[in-house]
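My numbering applies: residue 49 is where the sequence shown begins, and numbers increase by one.
Positions of the beta carbon are idealized from the N, C-alpha and C atoms, including for glycine.
Okay, structure first, notes after.
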Amino acid sequence: MLEKINETTEFLKAKGIVNPDAGIILGTGLGGLTAKMENCLEIDYRDIPNFPVSTVEGHAGKLIYGDFGKKKIVAMKGRFHYYEGYGPEQVSLGVRVLKYLGIKCLFLSNAAGGVNPTFRIGDIMIITDHINLLPNPLIGPNDDRIGARFPDMGEAYDKYLIKKALVIAEDLKIRVHKGVYLSTSGPTFETPSEYKYFRIIGADAVGMSTTPEVIVARHMNLPVFAVSIITDLGVEGKIAYTTHQSVLDEAAKTEERMTALMTEMISTL
Ligand code: HPA
């Protein structure tokens, strides 16, 4: 594993990706953030050794390095989901490589269904904790050079970054919630009973990504900040027919607010 990480990292360094301040994994609805990057170097996943290629519409499959305000960031435009058939190593490689490139913290975004009855479609939820119902990406032999066998997850989402995001959201007058993100394998959206169950066990929103990447990041002690865009509601009486397109459409409407929040978060790192 470490050999692959090193090979990919060296390849990207040789391409000119050096000393990035932060990494960002752009889920549904945050792709537009890269339009704000300058002096960009774009590399297709298919041209990067060991990188899987994302297969889902709305996930571009490009690594983009460039200036974002005064900071240098590496953005993964397109991520890898378990439902695509990838294994834990493929799902986690990108995050590991970002860490080995030198990022100081990792930002993530996703689209999610709201199960908290106070949520509305288009709301932004700052993730404060998660319930991982996907296979744990750390299952298998552990390489102690990368991280501990049994990583603590008591504070997976960086408290300081959450606090800062709340202040920024208030300044920008962006409605945000704090909440618990629960991940399922997908690719089916939930039945009404599943949504109800996830609410009962403590979730505020449910999606199909993010927790594997967060676990891998925390394995390497990388601070994490993550947000969900609520694109549909899994609340009794409010459940509507959901498609990938309806998720993309709702996420697109929130993109501007989400990008504003993330922009401020990164530029004041
Ligand atoms: N469930 C799971 N994943 C999702 C949802 C949902 O309701 N909305 C967007 N991603």
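Are the CB atoms of residue j and residue i within a distance shorter than 8 Å?
| i | j | result |
| --- | --- | --- |
| Ile53 | Tyr148 | yes |
| Gly75 | Ala213 | no |
| Lys61 | Ile314 | no |
| Arg305 | Ile249 | no |
| Leu186 | His129 | no |
| Asn87 | Asp115 | yes |
| Ile210 | Thr176 | yes |
| Met201 | Ser276 | no |
| Asp280 | Ala274 | no |
| Ser401 | Tyr131 | Nothing about residue 401 can be reported from this structure: the residues present for the chain run from 49 to 317 only. |
| Gly109 | Gly133 | no |
| Ile121 | Gly71 | yes |
Please report the straight-line C-alpha distance between residue i and residue j, rounded to a whole angstrom.
| i | j | result |
| --- | --- | --- |
| Ser140 | Thr259 | 10 Å |
| Lys301 | Lys63 | 35 Å |
| Thr290 | Arg193 | 43 Å |
| Phe167 | Tyr113 | 34 Å |
| His178 | Ile151 | 23 Å |
| Glu55 | Val66 | 15 Å |
| Pro316 | Phe99 | The amino acid occupying residue 316 in the given sequence is Thr; Pro does not appear at that position. Approximately 30 Å between the Cα atoms of the pair. |
| Ala45 | Cys153 | Because the chain in this structure spans residues 49 to 317, residue 45 falls outside the shown range and cannot be described. |
| Ile96 | Ala204 | 29 Å |
When DSSP builds the beta bridges, which residues end up paired with residue i?
| i | result |
| --- | --- |
| Glu86 | Asp115 |
| His178 | Tyr229 |
| Lys110 | Asp92, Lys125 |
| Ala274 | Leu156 |
Based on Cα-Cα distance, which residue from the options lies nearest to residue i?
| i | options | result |
| --- | --- | --- |
| Asn190 | Asp177, Gly162, Glu137 | Glu137 |
| Met49 | Val254, Glu242, Val145, Pro271 | Val145 |
| Leu181 | Val295, Val283, Val228, Ala308 | Val228 |
| Val224 | Ala83, Gly117, His292, Asn164 | Asn164 |
| Lys286 | Thr232, Gly162, Arg305 | Gly162 |
| Leu220 | Asp177, Ser241, Ala308 | Ala308 |
| Asp206 | Met124, Leu156, Ile121 | Leu156 |
| Val101 | Lys84, Gly117, Met124, Thr82 | Met124 |
| Gly142 | Val275, Asp252, Val264 | Val264 |
| Arg94 | Leu78, Glu298, Leu111 | Leu111 |
| Lys296 | Gly79, Gly71, Phe59 | Per the sequence shown, the amino acid found at residue 296 is Leu instead of Lys. Minimum Cα distance to Leu296 is reached at Gly79. |
| Asp327 | Gly195, Gly188, Val283 | The structure shown has nothing for residue 327, since the chain only spans 49 to 317. |
The beta strand (DSSP E) with residue i in it runs from where to where?
| i | result |
| --- | --- |
| His225 | 224-231 |
| Asn158 | 153-162 |
Quick one: give me the first and last residue of the alpha helix (DSSP H) that residue i is part of.
| i | result |
| --- | --- |
| His267 | 259-267 |
| Val283 | No alpha helix (DSSP H) holds Val283; DSSP gives it neither H nor E. |
| Val215 | 207-219 |
| Val254 | Where Val254 is concerned, there is no enclosing alpha helix (DSSP H), although the beta strand (DSSP E) it sits in stretches over 253-255. |
| Gly126 | Here Gly126 belongs to no alpha helix (DSSP H), and DSSP marks it neither H nor E. |
| Ala70 | Note, Ala70: premise wrong, no alpha helix (DSSP H); beta strand (DSSP E) at 70-74. |
| Glu242 | 240-248 |
| Thr307 | 292-315 |
| Tyr59 | In the sequence as displayed, the identity of residue 59 is Phe instead of Tyr. Where Phe59 is concerned, the enclosing alpha helix (DSSP H) stretches over 50-63. |
| Tyr170 | The residue asked about is misnamed: residue 170 is Gly in this sequence, not Tyr. Taken as a continuous stretch (DSSP letters only), Gly170 belongs to no alpha helix (DSSP H), as it is neither H nor E. |
| Tyr289 | That residue, Tyr289, is in no alpha helix (DSSP H); it is neither H nor E in DSSP. |
| Pro136 | 136-149 |
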